[in-house]
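Visitor: I'd like to ask you about the structure that follows.
2 protein chains.
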Amino acid sequence: MEHRIRNSFLRSRVMSADEAQEWIRDGMTVGVSGFTRCGDVKAVPRALVNNIRKTGDLRRIHLYSGASLGEADSWLSSNHLVDRRSPYQSDPETRKSINRGEIRYIEQHLSHTAESFRDGNVGPIDLAIVEAVAITEDGGIIPTTSVGNSPLFVQQAKQVIVEINLSMPESLIGIHDIYLPERRPFRSPIDIRQVDDLIGYHYIPCDPEKIIGIVITDEPDSPSRMIPPDEETQQMAGYILELLEHEVRHGRLTDKLAPLQSGVGSVANAVFSGLEQSPFNQLEIYTEVMQDSVFHLFDSGKVAFASGCSFSLSQRMRDHVLSSLPQYRNQIVLRPQEISNHPEVIRRLGVIAMNAALEIDIYGNVNSTHVLGTHMMNGIGGSGDFARNAGLTIFVTKSTAKNGKVSSIVPFVSHVDHTEHDVDILVTEQGIADLRGLSPRERAKVIIENLSHPFYKDALRDYFQRASVQGGHTPHLLEEALSWHRQFKEAGDMRKLEPSVL
Amino acid sequence: MEHRIRNSFLRSRVMSADEAQEWIRDGMTVGVSGFTRCGDVKAVPRALVNNIRKTGDLRRIHLYSGASLGEADSWLSSNHLVDRRSPYQSDPETRKSINRGEIRYIEQHLSHTAESFRDGNVGPIDLAIVEAVAITEDGGIIPTTSVGNSPLFVQQAKQVIVEINLSMPESLIGIHDIYLPERRPFRSPIDIRQVDDLIGYHYIPCDPEKIIGIVITDEPDSPSRMIPPDEETQQMAGYILELLEHEVRHGRLTDKLAPLQSGVGSVANAVFSGLEQSPFNQLEIYTEVMQDSVFHLFDSGKVAFASGCSFSLSQRMRDHVLSSLPQYRNQIVLRPQEISNHPEVIRRLGVIAMNAALEIDIYGNVNSTHVLGTHMMNGIGGSGDFARNAGLTIFVTKSTAKNGKVSSIVPFVSHVDHTEHDVDILVTEQGIADLRGLSPRERAKVIIENLSHPFYKDALRDYFQRASVQGGHTPHLLEEALSWHRQFKEAGDMRKLEPSVL
Ligand SMILES: CC(C)(COP(=O)(O)OP(=O)(O)OC[C@H]1O[C@@H](n2cnc3c(N)ncnc32)[C@H](O)[C@@H]1OP(=O)(O)O)[C@@H](O)C(=O)NCCC(=O)NCCS
Ligand SMILES: CC(C)(COP(=O)(O)OP(=O)(O)OC[C@H]1O[C@@H](n2cnc3c(N)ncnc32)[C@H](O)[C@@H]1OP(=O)(O)O)[C@@H](O)C(=O)NCCC(=O)NCCS
């Protein structure tokens with residue numbers, strides 16, 4: 001235990017999870033570690049739920065995290081312990097409660113959360129609970145497989161509880177680079193000029209006095225829910241790889257490309273797999289989340305360096321990575337999400353951003369979050385941080401969903417997360433649309449022709465054609481704009497659409 | 001003329017506007033100076049139009065600018081000379097052509113345009129035409145009352161034409177700070193930490209060989225089309241000033257506030273006028289455009305420094321400012337719009353952003369551009385650069401338009417320019433809504449109760465209440481969401497709305 005808690009005074013603060021959960025009071029604002037089910041707190045939330053189940057003494061909290069937690073999101077939500085939740089989740093139970101209006105969910109751009117606490121626009125944070133590999137002599141907290149918002153939570157919280165996770169190897173020490181921008185108005189530039197620039201500490205500085213409890217656990221992260229690539233995601237990846245080669249041929253990129261970002265999902269994984277056989281070399285990654293494919297790329301010698309704020313790995317890859325860290329150590333860094341997603345850095349580096357959409361409209365607006373405009377899927381996450389600031393912004397979606405009953409290319413998106421100004425390239429399994437420099441009417445043509453499913457193409461053409469006759473910079477038929485969604489809601493199938501009649 | 005053209009070789013390049021316009025060929029991409037009708041090129045576009053009227057020899061161009069031009073936008077559009085137009089305009093003739101689909105208009109975030117040329121995503125630029133006070137010994141071009149995108153156009157263009165405007169006093173020399181970020185991947189931080197940090201040259205560097213023509217003019221800028229504040233804009237300004245005092249009381253701001261940005265418009269002017277009598281001091285401005293009110297604030301000793309990329313002044317204020325520049329010189333800087341609007345700097349400084357909306361919806365999404373979702377008003381301009389990255393983001397709109405026939409608070413905006421994630425505070429003449437930390441359903445309540453016009457309040461409540469019953473994180477009734485706009489389109493009046501019946 002001396003290794004893991006190097007400050008001898010703090011060793012007296014070790015307690016059981018059951019004791020630690022007592023610190024959580026009704027109405028508290030609690031900031032927890034955890035991002036894409038990695039590095040999340042595990043023992044204390046479980047103890048809290050067990051305690052409440054036993055005693056019936058309900059305590060509802062305002063729960064802030066990096067992004068999605070592992071099982072904790074599900075336990076806390078299904079036991080009605082979450083009053084507010086922010087900034088991101090991807091848990092089926094939480095989703096249900098959000099859509100019933102029981103959990104007040106505030107999705108945020110993932111680079112914004114830290115700033116809003118720092119400015120006092122939300123908060124204050126009563127309690128931070130963070131997972132750690134170890135605590136340094138000075139109370140410094142060394143995170144595990146994600147950094148997320150933990151540095152900010154620890155800095156701002158009145159009290160801190162640490163879960164020391166013994167299943168996390170000490171070889172994780174040194175892969176983090178913890179830097180937080182100063183409170184304004186006296187802030188310096190974030191001096192990251194290349195993806196491998198290190199600018200901070202390898203631990204989260206923390207006054208030991210604030211650490212009121214330390215819980216020892218050994219529970220591993222929940223494995224990622226990665227869906228393996230299918231034929232369609234392979235096709236989409238193929239279009240993106242062709243595009244990148246095209247950009248190199250036209251001198252807009254070198255064969256190092258530009259730092260790559262990819263959202264979670266199977267297309268991103270497929271693109272990265274495709275890079276293994278590509279002509280590109282010495283690739284760099286500046287992303288939020290490192291999935292399995294990043295490590296495959298390391299193993300094939302294609303990647304020089306990867307920067308993220310979290311892992312998101314299958315069980316098998318996790319075991320491999322955690323046991324081989326010395327091999328990867330000099331090529332990886334985990335940063336706070338405020339830094340991995342910071343507009344300043346993303347823009348400076350000219351990142352190539354690849355994220356997934358639920359639906360897109362004929363003008364290139366993107367819905368990443370709301371099914372039928374009303375029901376939350378996950379949240380906007382970091383997609384906006386990257387899409388707005390990247391050098392090249394790509395969104396991918398299959399052209400249909402729900403076995404073809406839904407067209408993911410619609411006349412008018414039922415919810416907007418990213419406007420057409422932030423979208424350069426769109427990809428479906430049908431093809432690719434390069435929207436750079438095009439006006440809305442031009443965008444509509446290429447989106448409909450290149451991306452839509454053959455089954456829906458005529459209806460989209462018909463909509464656009466009739467709308468264009470009515471005029472306007474961005475032609476629409478107000479009475480039909482949302483009729484495709486209505487149709488699906490009422491009949492469970494957009495294919496029943498009768499153009500010009502609805 | 002030695003003062004104005006200090007490079008003796010270049011004096012041989014002086015020519016008439018009529019000679020200069022010959023350089024403009026059909027199909028060319030032309031980048032011109034001009035921003036909010038200031039510092040725009042005047043003589044060459046006029047000569048082009050006259051020539052084409054005379055000869056019938058139509059030449060259609062791709063026209064890129066900083067933002068809106070003065071009369072040139074109108075001449076060029078009404079004579080069908082503009083094929084593509086980007087990134088912003090606010091001219092009635094141009095607007096008509098855009099909405100008829102004749103001009104292919106690509107609105108962009110104003111900080112994005114330079115980047116998209118630099119990356120080669122659009123372009124190349126065949127010809128830059130920029131207005132200048134003078135040309136230095138080395139060919140350096142000293143801009144006039146706006147900087148806009150001129151530095152980038154001059155840098156990237158194959159050929160450059162300069163309009164030396166003798167009505168622009170030489171005392172303008174020294175108020176510009178010209179800095180362009182490097183081409184990626186080797187880019188440094190933009191080292192502006194305080195609004196008055198100067199990081200560049202006071203001229204646009206230019207190889208004299210590229211300057212193929214110099215035209216001498218003396219035409220003043222078109223005055224701004226400022227609408228004087230009325231009772232309602234005064235009220236809105238009052239709410240904003242109260243909010244700022246409230247922020248100071250709660251320790252979130254000091255009485256210096258934070259650097260202020262304001263979009264063009266009468267509310268912004270009214271807020272700034274209100275600041276003259278406020279308890280705030282040593283104010284700083286980091287904005288796109290400096291309107292009359294900025295100079296009133298200087299005169300009342302309230303402002304320490306103002307940074308922008310353009311002026312936008314009434315005729316009277318313009319005459320005053322241009323004749324009193326030595327007095328303001330140390331307190332003003334004009335920068336390229338890529339810098340005035342850069343996410344990196346806006347975020348670092350924690351700007352307070354105030355911009356106007358056409359309509360907002362009950363969840364806080366903002367439409368700044370499209371009337372009834374289809375017809376372009378001006379363009380997104382810099383509003384997104386500021387809204388996304390500011391420390392505090394405010395949007396203002398009157399609660400109704402068209403003499404009450406339109407509610408500017410609607411169930412569902414007919415077009416999204418800014419999503420609810422980028423909106424902290426909304427203001428109408430009815431009141432103010434502080435949305436920080438609120439979930440969508442909470443936002444809806446405060447928006448409807450605080451901001452909507454009494455005439456429409458019940459209908460909005462009714463919509464929200466019935467939508468909430470149907471559920472979802474962001475409740476909507478798809479069949480009614482756009483019915484208010486339809487109603488206006490069909491009947492010319494939203495007041496004919498019959499809730500629950502449509
Ligand atoms: C948009 C997003 C949900 C897509 O995820 P994905 O796993 O690639 O998408 P899938 O195609 O598997 O679809 C997920 C679900 O949405 C449904 N769906 C997809 N498109 C749909 C549409 N147009 N309409 C309705 N439902 C749709 C699918 O049927 C599936 O439903 P199921 O879970 O009931 O089977 C996901 O990328 C996301 O949450 N993005 C926002 C955050 C983000 O971008 N983060 C990364 C930033 S770094
Ligand atoms: C949104 C914007 C048009 C508002 O400008 P404004 O001068 O304050 O607005 P007004 O209230 O005078 O309205 C302008 C016109 O839109 C109309 N209008 C306003 N709200 C409307 C609505 N909800 N529906 C339909 N029309 C509406 C007005 O009637 C008026 O029409 P008119 O010219 O025929 O009389 C303007 O701020 C803009 O172009 N913004 C986008 C760019 C930007 O924000 N730039 C600054 C960034 S630094």
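Sequence order for the protein chains is A and B. Numbering-wise, the first sequence is residues 1 to 502 according to UniProt numbering. Numbering-wise, the second sequence is residues 1 to 502 according to UniProt numbering. For glycine and all other residues, C-beta sits at the position ideal for the given N, C-alpha and C.
Let me know the beta strand (DSSP E) ranges lying completely inside the region 129-169 of chain A, each 3 residues or longer, listed in chain order.
Guide: Runs found: 159-165.
Visitor: Would you kindly work out how many angstroms separate the C-alpha atoms of residue 367 (chain A) and residue 56 (chain A), rounded to a whole number?
Guide: Straight-line Cα distance between these residues: approximately 40 angstroms.
Visitor: So residue 479 (chain A) packs on residue 443 (chain A), CB below 8 angstroms; how close in whole Å?
Guide: About 22 angstroms separates the two Cβ atoms, so there is no contact after all.
Visitor: Would you kindly report the start and end of the unbroken beta strand (DSSP E) that includes residue 62 (chain A)?
Guide: Element bounds for residue 62 (chain A): 61-64.
Visitor: Given that a residue counts as buried once 16 or more other Cβ atoms are within 10 Å of its Cβ, and exposed if not, what is residue 108 (chain B)?
Guide: Burial call: buried.
Visitor: Could you tell me which whole alpha helix (DSSP H) segments of length 4 or greater appear in the region 374-458 of chain B?
Guide: Listed in chain order, they are 383-389, 440-451.
Visitor: What residues from chain A crowd round residue 415 (chain B), counting only those whose CB sits closer than 8 angstroms?
Guide: Going along chain A in sequence order, the residues near residue 415 (chain B) (Cβ under 8 angstroms) are 474.
Visitor: Is residue 502 (chain A) helix, strand or coil when you go by DSSP?
Guide: Any reading at residue 502 (chain A) needs caution, since the residue's pLDDT is 43, under 50, leaving its predicted position unreliable; the model's value is listed next. Note: residue 502 (chain A) maps to coil in three-state DSSP.
Visitor: Tell me, please, whether the CB atom of residue 447 (chain B) is closer than 7 angstroms to any CB atom in chain A?
Guide: With 7 angstroms as the cut-off, residue 447 (chain B) does not count as an interface residue toward chain A.
Visitor: How about residue 504 (chain B): is its C-beta nearer than 7 angstroms to some C-beta of chain A?
Guide: Past the edges of chain B, shown from 1 to 502, lies residue 504 (chain B), and the structure says nothing about it.
Visitor: Exposed or buried, which one is residue 2 (chain A) when buried takes at least 16 other CB atoms within 10 Å?
Guide: Flag for residue 2 (chain A) reads exposed.
Visitor: With a Cβ-Cβ cutoff of 7 angstroms, do residue 385 (chain B) and residue 68 (chain B) count as a contact?
Guide: Not a contact, by the Cβ cut-off of 7 angstroms.
Visitor: Residue 318 (chain A) to residue 12 (chain A), Cα distance in whole Å?
Guide: Between residue 318 (chain A) and residue 12 (chain A), the C-alpha separation is close to 32 angstroms.
Visitor: Does DSSP classify residue 8 (chain A) as helix, strand or coil?
Guide: Here residue 8 (chain A) sits in helix by DSSP.
Visitor: Pull every residue with its beta-carbon under 5 angstroms away from any heavy atom of ligand 1, and keep them in chain order.
Guide: The set, ordered by position in the chain, is A:263, A:265, A:288, A:355, A:356, A:358, A:359, A:368, A:371, A:377, A:378, A:381, A:382, A:383, A:401, A:406, A:408.
Visitor: List the endpoints of the continuous beta strand (DSSP E) containing residue 355 (chain A).
Guide: 352-356 is the extent of the beta strand (DSSP E) around residue 355 (chain A).
Visitor: Would residue 328 (chain A) and residue 307 (chain A) be called neighbours here (beta carbons separated by less than 7 angstroms)?
Guide: It is not a contact, given that the beta carbons lie outside the stated cut-off.
Visitor: Please report the distance separating the alpha-carbon of residue 179 (chain B) from that of residue 201 (chain B).
Guide: Roughly 7 angstroms separates the two Cα atoms.
Visitor: Is residue 233 (chain B) helix, strand or coil by DSSP?
Guide: In this structure, residue 233 (chain B) counts as helix in the three-state DSSP scheme.
Visitor: Can you list, in chain order, the residues of its chain with a C-beta nearer than 6 angstroms to that of residue 280 (chain A)? Leave out the 5 residues immediately preceding and following it.
Guide: Hits under 6 angstroms: 255, 257.
Visitor: Between which two residues does the beta strand (DSSP E) containing residue 509 (chain B) stretch?
Guide: Past the boundaries of the shown model lies residue 509 (chain B); chain B is included only from 1 to 502, so the question cannot be answered.
Visitor: Would residue 481 (chain A) count as contacting chain B if we go by Cβ distances under 7 angstroms?
Guide: It does: the Cβ of residue 481 (chain A) has a partner Cβ on chain B nearer than 7 angstroms.
Visitor: Between the region 94-103 of chain B and the region 124-144 of chain B, do three or more beta carbon pairs fall short of 8 angstroms?
Guide: As far as the Cβ criterion goes, the region 94-103 of chain B does not touch the region 124-144 of chain B, which means the pair count is below three.
Visitor: Straight-line CA distance for residue 302 (chain B) to residue 99 (chain A)?
Guide: Their Cα atoms are separated by approximately 48 angstroms.
Visitor: Looking at residue 139 (chain A) and residue 206 (chain A), is the spacing between their C-beta atoms short of 7 angstroms?
Guide: Yes, Cβ-Cβ distance for residue 206 (chain A) and residue 139 (chain A) is below 7 angstroms.
Visitor: Please list, in chain order, the chain A residues whose beta carbon lies closer than 8 angstroms to that of residue 258 (chain B).
Guide: By Cβ distance, chain A contributes 184, 185.
Visitor: Alpha carbons only, please: which of B:379, B:452, B:369, B:429 is nearest the one belonging to residue 86 (chain B)?
Guide: Ranking B:379, B:452, B:369, B:429 by Cα distance to residue 86 (chain B) puts B:379 first.
Visitor: Taking DSSP as the reference, what is the three-state secondary structure of residue 367 (chain A)?
Guide: Three-state result, residue 367 (chain A): strand.
Visitor: Please report the distance separating the alpha-carbon of residue 216 (chain B) from that of residue 19 (chain B).
Guide: Distance between the alpha carbons of residue 216 (chain B) and residue 19 (chain B): 12 angstroms.
Visitor: Are the CB atoms of residue 433 (chain B) and residue 446 (chain B) within a distance shorter than 7 angstroms?
Guide: In this structure, residue 433 (chain B) lies closer than 7 angstroms to residue 446 (chain B) by Cβ.
Visitor: In angstroms, rounded to a whole number, what distance separates the CA positions of residue 339 (chain B) and residue 345 (chain B)?
Guide: Between residue 339 (chain B) and residue 345 (chain B), the C-alpha separation is close to 7 angstroms.
Visitor: Please check the pair residue 351 (chain A) and residue 390 (chain A), which I expect to be a contact at CB under 8 angstroms, by giving their CB distance rounded to whole angstroms.
Guide: Correct: roughly 5 angstroms between the Cβ atoms.
Visitor: Let me confirm a value: residue 227 (chain A) is counted as buried when at least 16 other C-beta atoms fall within 10 Å, else exposed. Which label applies?
Guide: So residue 227 (chain A) ends up on the exposed side.
Visitor: Please tell me whether residue 64 (chain A) has its Cβ less than 7 angstroms away from any Cβ of chain B.
Guide: Not one chain B Cβ lies under 7 angstroms of residue 64 (chain A).
Visitor: Check residue 88 (chain B) in the structure and name its three-state DSSP category.
Guide: Residue 88 (chain B) falls in the coil class under three-state DSSP.
Visitor: Suppose contacts are defined by Cβ-Cβ distances below 7 angstroms. Is residue 60 (chain B) in contact with residue 83 (chain B) by that definition?
Guide: Contact flag set, yes.
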